[in-house]
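Asker: Would you mind keeping the following structure in view while I ask a few things?
Number of protein chains: 4
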Amino acid sequence: MKDIPASWINDVVTPRPADSYKGTFGRVLVIGGNAQFGGAAIMAASGAVYAGAGLVSVATAAVNRTALHARLPEAMIIPDDDPQLLALIPTVDVVAIGPGLGTDERAARLLTQTLAAVAPQQCLIIDGSAITLIAQKHLAVAHARTLWTPHQMEWQRLAGIPISQQTPQTNQAAAANLPGTVIVKSHRTQLFTPTGSYRNPLGTPAMATGGMGDTLVGILAGFVAQFGLNDKTVCAAVYAHSAVAEEVAKRNYVVLPSMLIQALPAYMHQVAEA
Amino acid sequence: MKDIPASWINDVVTPRPADSYKGTFGRVLVIGGNAQFGGAAIMAASGAVYAGAGLVSVATAAVNRTALHARLPEAMIIPDDDPQLLALIPTVDVVAIGPGLGTDERAARLLTQTLAAVAPQQCLIIDGSAITLIAQKHLAVAHARTLWTPHQMEWQRLAGIPISQQTPQTNQAAAANLPGTVIVKSHRTQLFTPTGSYRNPLGTPAMATGGMGDTLVGILAGFVAQFGLNDKTVCAAVYAHSAVAEEVAKRNYVVLPSMLIQALPAYMHQVAEA
Amino acid sequence: MKDIPASWINDVVTPRPADSYKGTFGRVLVIGGNAQFGGAAIMAASGAVYAGAGLVSVATAAVNRTALHARLPEAMIIPDDDPQLLALIPTVDVVAIGPGLGTDERAARLLTQTLAAVAPQQCLIIDGSAITLIAQKHLAVAHARTLWTPHQMEWQRLAGIPISQQTPQTNQAAAANLPGTVIVKSHRTQLFTPTGSYRNPLGTPAMATGGMGDTLVGILAGFVAQFGLNDKTVCAAVYAHSAVAEEVAKRNYVVLPSMLIQALPAYMHQVAEA
Amino acid sequence: MKDIPASWINDVVTPRPADSYKGTFGRVLVIGGNAQFGGAAIMAASGAVYAGAGLVSVATAAVNRTALHARLPEAMIIPDDDPQLLALIPTVDVVAIGPGLGTDERAARLLTQTLAAVAPQQCLIIDGSAITLIAQKHLAVAHARTLWTPHQMEWQRLAGIPISQQTPQTNQAAAANLPGTVIVKSHRTQLFTPTGSYRNPLGTPAMATGGMGDTLVGILAGFVAQFGLNDKTVCAAVYAHSAVAEEVAKRNYVVLPSMLIQALPAYMHQVAEA
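Below you can see the structure in the form of structure tokens.
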């Protein structure tokens with residue numbers, strides 16, 4: 001397990017090609033936000049938009065429509081019970097399911113529908129309660145281009161490893177049983193890709209607040225949509241999330257998701273110009 | 001085809017007359033924003049308000065009311081199924097239809113009603129899904145004071161020219177078959193007016209993100225409402241949109257519509273004082 | 001008619017007494033904002049809150065509740081069809097009716113109820129469509145502590161003086177027929193109090209945008225709630241509104257209500273410390 | 001009664017432990033915000049989030065959902081008539097009831113349910129209309145880990161001491177009859193804990209505005225959630241609330257809750273780094 005090299009973010013976040021349009025930078029669909037956790041979907045979508053994804057849609061409980069638009073008019077919305085959702089899934093580059101999804105029957109149905117609808121070339125991010133649901137219901141996930149983003153308790157549920165026994169070795173072994181890449185979030189997040197394992201050298205306890213994981217999902221989605229799915233991109237997204245937080249934490253005791261999201265475009269600019 | 005001269009923005013955006021009131025700066029009506037794309041109407045209306053239009057109303061799906069007011073209390077709202085909408089149209093200087101309008105029956109009805117209701121002296125901006133609808137349904141548009149704002153795919157639909165064959169020459173020939181001015185958006189936007197053709201020398205790939213076209217519609221509407229409809233004004237609006245984006249992009253990897261809109265009044269001030 | 005002396009704002013906005021609480025700075029009730037013009041009530045309430053009123057409530061169409069709270073959690077709301085509204089009126093120091101009220105039957109009923117409910121010691125601000133309604137329906141207003149805030153067209157309706165004939169002399173004569181103070185808004189606003197007449201020496205065409213009048217209503221309400229009703233206070237509110245706008249206009253082509261409102265507390269601080 | 005020492009805030013707000021996660025910093029549940037006073041719950045929740053609580057939920061009238069998420073996506077919501085609320089209460093570290101709760105039957109039922117459900121190890125903050133209800137209905141409160149936050153009129157209702165007779169001596173005697181700590185808010189707030197009495201040396205009349213008490217509730221909740229319940233923490237929260245306000249008041253005539261909340265993370269950072 002090696003630390004993510006500081007140079008990778010520079011390799012990934014480079015000046016945009018002059019002749020580009022919004023389609024160049026990919027399409028993201030966030031599926032999440034039930035009636036109780038609507039903010040999670042808003043934060044994930046905001047992360048994707050501010051990271052630079054070309055187009056971002058959110059499938060969420062209809063009650064979250066107005067709050068989403070009021071904060072983020074750049075995103076599009078589809079109520080998560082709209083039959084058109086299934087038709088929307090194949091049109092995007094990245095599907096991120098889980099932020100604020102909940103674990104009830106409606107959530108389970110959305111998850112199984114999404115797992116069935118996602119196509120091989122698409123990137124699928126599975127987060128939060130979607131992970132819990134998969135663990136609880138022993139749902140099979142065979143999608144190779146998957147990013148798993150459990151925090152330690154969710155990883156315990158999914159992999160069956162108690163938090164106290166979550167070491168790079170045990171984590172890697174369990175991750176090998178899952179398709180795609182596993183990102184075990186902690187104060188030093190670990191990444192297990194099909195071809196390598198990485199440790200995030202950055203991070204600050206100022207990030208330890210609700211919604212920070214949802215924000216990471218959005219940044220991951222935005223990075224993959226723009227820069228493609230590979231180890232460097234995924235590591236760079238995790239690294240950027242913490243690097244921005246460290247920057248904001250130089251002036252603030254707590255780094256809230258909305259503060260991090262606001263600061264993201266300037267950080268990425270500095271990286272691209274470096 | 002000549003580049004828009006840098007001096008034109010200074011010719012258009014000049015100090016306001018001292019003895020003026022909100023009516024001096026025109027009335028704008030944005031028609032758009034269905035239940036899925038409400039943000040588009042919000043961004044267009046915001047562009048018009050921050051550009052300096054005297055009064056801005058939005059005809060949109062009623063579900064977008066609260067998000068609009070929460071972001072932009074300066075705008076007025078009328079649900080797009082309110083029979084009073086037809087009476088409102090003749091009272092404004094600029095009608096901009098299309099941002100987030102969608103392409104369903106409701107959208108088509110709104111569009112045909114608007115096309116029928118607009119008076120010769122009014123400026124009509126046709127954008128986004130309104131362009132797609134006109135192409136799909138072969139709707140006749142005879143309004144001379146029209147601004148068309150297709151992106152390249154919408155232009156393909158409207159003019160029948162595949163994107164790969166969209167050259168200044170083919171575009172100009174097709175634009176000549178349409179009333180008014182055609183603004184073909186790309187990383188170097190082209191404008192075809194009844195009397196000239198222009199190329200936007202500005203623009204940055206940081207603008208390649210959802211909602212940027214809606215924002216341009218708002219700025220166009222705000223400029224025409226204040227400065228009148230002529231080549232210089234239309235070119236200046238397109239130029240300003242990109243100039244502000246370039247300014248914001250000096251510090252940010254992506255320029256979101258809300259960032260551009262916030263920065264617009266300061267840019268216009270600098271121009272007017274130059 | 002004399003210009004408002006620059007010193008008056010300093011006489012009015014002075015350091016707050018150390019031993020004070022929110023009740024010290026008065027209670028304001030804004031009545032306005034129908035389903036189409038909800039933003040007007042939000043801007044008026046924001047003006048009052050940012051001017052420093054102790055407590056601000058808004059009676060408005062229930063559909064405006066969420067946008068109000070999303071922008072201004074400091075304000076309280078009562079739907080304007082709530083029977084408790086009549087009980088709320090006597091508890092406040094200033095009632096401001098009109099911003100975005102509309103002119104339909106519901107609006108007329110609210111207005112007549114308010115005119116009947118307001119007590120002699122309360123300040124009543126009559127603005128916008130409330131003025132139009134009074135003119136249309138020949139409603140009698142006998143309340144001495146009234147502030148009228150017509151723009152020139154509303155003043156034409158109320159006083160019967162065509163805009164072209166609105167001079168200090170004709171305005172003063174007509175104002176003398178109304179109880180309280182008349183504030184005729186224009187690029188050089190005129191004030192006619194029971195004991196004097198004043199001209200606002202400040203103002204910028206950058207203020208000529210929708211909602212600016214609603215904002216003035218809020219600032220007037222906030223000033224009267226804190227500093228009492230007298231010529232100096234009313235003149236200072238009008239002066240402050242323009243002074244802040246001039247300050248913001250040093251950097252912006254248009255001064256939107258939300259920009260003015262944000263800048264108000266810092267301006268008042270500078271005045272109080274001068 | 002001694003002044004809160006300036007050093008206590010530095011003793012309490014210290015650098016966060018490196019190996020921490022959101023659970024480290026506690027869970028807060030705000031119960032409040034009826035249909036009229038929704039902003040109060042939003043401001044209280046914002047105070048808790050910006051103070052650094054790990055997770056913040058709000059039980060409020062369902063009509064407040066969207067405004068809460070639009071301002072504060074970091075918070076979770078549960079409608080206050082949702083039967084799941086009772087199951088949520090035992091999962092948090094701090095329950096704060098009262099901001100904008102109102103005094104009707106629904107409010108009384110929420111209060112009595114909460115008083116019955118709260119467990120000994122939890123901190124309970126009783127504020128605003130919850131205090132009024134307890135006084136009116138003579139509800140028994142035996143919870144030792146209670147923080148009472150009355151303003152002077154609420155303290156009169158609760159303790160039966162007219163405002164003019166509220167002295168440190170009379171207040172202390174009455175506070176001794178209540179479980180926990182009483183915080184009598186005024187321009188120099190007094191605190192009576194089971195083991196001491198303290199006076200807040202800070203505060204500015206710029207804070208005398210609606211919502212400032214709700215904001216204090218949130219900061220108290222956030223501090224206790226992170227730093228534990230003891231005299232120093234409670235005093236530090238009260239002190240921080242005023243210290244931030246004094247800082248903001250150096251540039252603003254009135255300090256609105258939203259301004260204070262925004263400035264809180266930077267203040268706490270300075271304290272922790274001092």
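Residue numbers (full-length UniProt numbering), protein chains in the order written: chain A, 1 to 274; chain B, 1 to 274; chain C, 1 to 274; chain D, 1 to 274. Note that CB positions come from ideal geometry on N, CA and C, so glycine has one too. Nothing here was measured: the structure is a model prediction, and the numbers come from that model.
Going by C-alpha distance, which of A:K137, A:V238 and A:V141 is nearest I126 of chain A?
Answerer: A:V141
Asker: Could you tell me whether the region 25-38 of chain C touches the region 89-106 of chain C, using the rule of 3 or more Cβ pairs below 8 Å?
Answerer: yes
Asker: Give me, in chain order, the residues of the same chain whose beta-carbon lies closer than 7 Å to that of I89 of chain B; leave out the 5 immediate sequence neighbours on both sides.
Answerer: L29, V95, T114, A117 and V118
Asker: Nearest by alpha-carbon distance to L124 of chain B: which of B:K2, B:V217 and B:N10 is it?
Answerer: B:V217
Asker: Counting only C-beta atoms, is I77 of chain C closer than 8 Å to chain D at any point?
Answerer: yes
Asker: Which runs of the alpha helix (DSSP H) spanning at least 4 residues fall entirely within the region 50-89 of chain A, listed in chain order?
Answerer: 65-71 and 85-88
Asker: List, in order along the chain, the chain C residues whose C-beta lies closer than 7 Å to that of A70 of chain A?
Answerer: A70
Asker: Which of the residues in the region 248-260 of chain C, read from start to end, lie with their CB under 7 Å from any CB of chain E?
Answerer: Looking for chain E here will not work: the only protein chains present are A, B, C and D.
Asker: Under three-state DSSP, which class holds A96 of chain D?
Answerer: Strand.
Asker: Going by DSSP, what residues sit across from Q190 of chain D in a beta bridge?
Answerer: D:V184 and D:R199
Asker: Using a Cβ-Cβ cutoff of 7 Å, what residues of the region 226-238 of chain D are near chain A? List them in chain order.
Answerer: none
Asker: Quick one: list the residues of chain C neighbouring Q36 of chain D, beta-carbon separation under 7 Å, in chain order.
Answerer: M76, I77 and I78
Asker: Please classify A18 of chain B as buried or exposed, where buried requires at least 16 other C-beta atoms within 10 Å of its C-beta.
Answerer: exposed
Asker: What residues match up with residue 275 of chain D in a beta bridge as DSSP calls it?
Answerer: Any property of residue 275 of chain D remains undetermined from this structure, which presents chain D solely from 1 to 274.
Asker: How is the beta strand (DSSP E) around L216 of chain C delimited, first residue to last?
Answerer: For L216 of chain C, there is no enclosing beta strand (DSSP E); the enclosing alpha helix (DSSP H) has its first and last residue at M212 to F227.
Asker: DSSP on L133 of chain B, reduced to helix/strand/coil?
Answerer: helix
Asker: Looking at chain D, which residues of the region 19-33 of chain C have a Cβ within less than 7 Å of any of its Cβ atoms?
Answerer: For the region 19-33 of chain C, which is checked against every Cβ of chain D, the residues closer than 7 Å are D19, S20, Y21, K22, T24 and F25.
Asker: May I have the straight-line CA-CA distance separating N230 of chain B from A221 of chain B, to the nearest angstrom?
Answerer: When rounded, the distance between both Cα atoms is 12 Å.
Asker: For chain B, is any of its Cβ atoms less than 8 Å away from the one on V56 of chain A?
Answerer: Contact with chain B is found for V56 of chain A, since one of that chain's Cβ atoms lies less than 8 Å from the residue's Cβ.
Asker: From the DSSP output, read off the bridge partner residues of V28 of chain A.
Answerer: A:V56 and A:V94
Asker: On the DSSP letters alone, give me the boundaries of the alpha helix (DSSP H) that T112 of chain D sits inside.
Answerer: Run containing T112 of chain D: E105 to A117, per the alpha helix (DSSP H) assignment.
Asker: Quick check on N200 of chain D: buried or exposed, where buried means 16 or more other Cβ atoms within 10 Å of its Cβ?
Answerer: buried
Asker: Work out the CA separation of A176 of chain A and residue 287 of chain B for me, nearest whole Å.
Answerer: Look at the range of chain B in this structure, 1 to 274, and you will see that residue 287 of chain B is not part of it.
Asker: Give me the subset of the region 181-194 of chain B whose CB atoms are less than 9 Å from a CB atom of chain A, sorted by chain position.
Answerer: K185, S186, H187 and R188
Asker: Taking contact to mean 3 or more Cβ pairs, one atom from each stretch, closer than 8 Å, check whether the region 177-191 of chain C and the region 147-165 of chain C are in contact.
Answerer: yes
Asker: With which residues is D19 of chain A paired in a DSSP beta bridge?
Answerer: Per DSSP, none; premise fails for D19 of chain A.
Asker: Run down chain D in chain order and give the residues with a C-beta less than 8 Å from the C-beta of T66 of chain A.
Answerer: Ordered by position in chain D, the residues that pass the 8 Å Cβ test against T66 of chain A are T66 and A70.
Asker: If we define contact as Cβ-Cβ less than 8 Å, is G39 of chain C a contact residue for chain B?
Answerer: Answer yes: the Cβ-Cβ gap between G39 of chain C and chain B drops below 8 Å somewhere.
Asker: When the cut-off is 8 Å and only beta carbons count, does G210 of chain C lie next to chain B?
Answerer: yes
Asker: In terms of residue numbering, what span does the alpha helix (DSSP H) encompassing Y239 of chain B cover?
Answerer: D231 to A249
Asker: Using a Cβ cut-off of 9 Å, which residues of the region 197-224 of chain B contact any Cβ in chain A, in chain order?
Answerer: G203, T204, P205, A206, M207, A208, T209, G210, G211, M212, G213 and D214
Asker: Checking 8 Å against the spacing of the C-beta atoms, do A249 of chain C and T215 of chain C come in under that value?
Answerer: no
Asker: Let's test the definition: count the other Cβ atoms within 10 Å of the Cβ of T60 of chain B and tell me whether it reaches 16, buried, or not, exposed.
Answerer: buried
Asker: How is H151 of chain B classed by DSSP in three states: helix, strand or coil?
Answerer: strand
Asker: Decide yes or no for the touch test of the region 149-158 of chain A against the region 241-259 of chain A: beta carbon pairs closer than 8 Å, at least 3 of them.
Answerer: no
Asker: If I measure Cβ to Cβ from A225 of chain A and keep anything under 6 Å in the same chain, skipping five residues before and after, which residues do I get?
Answerer: G26, V28, A53, D93 and V94
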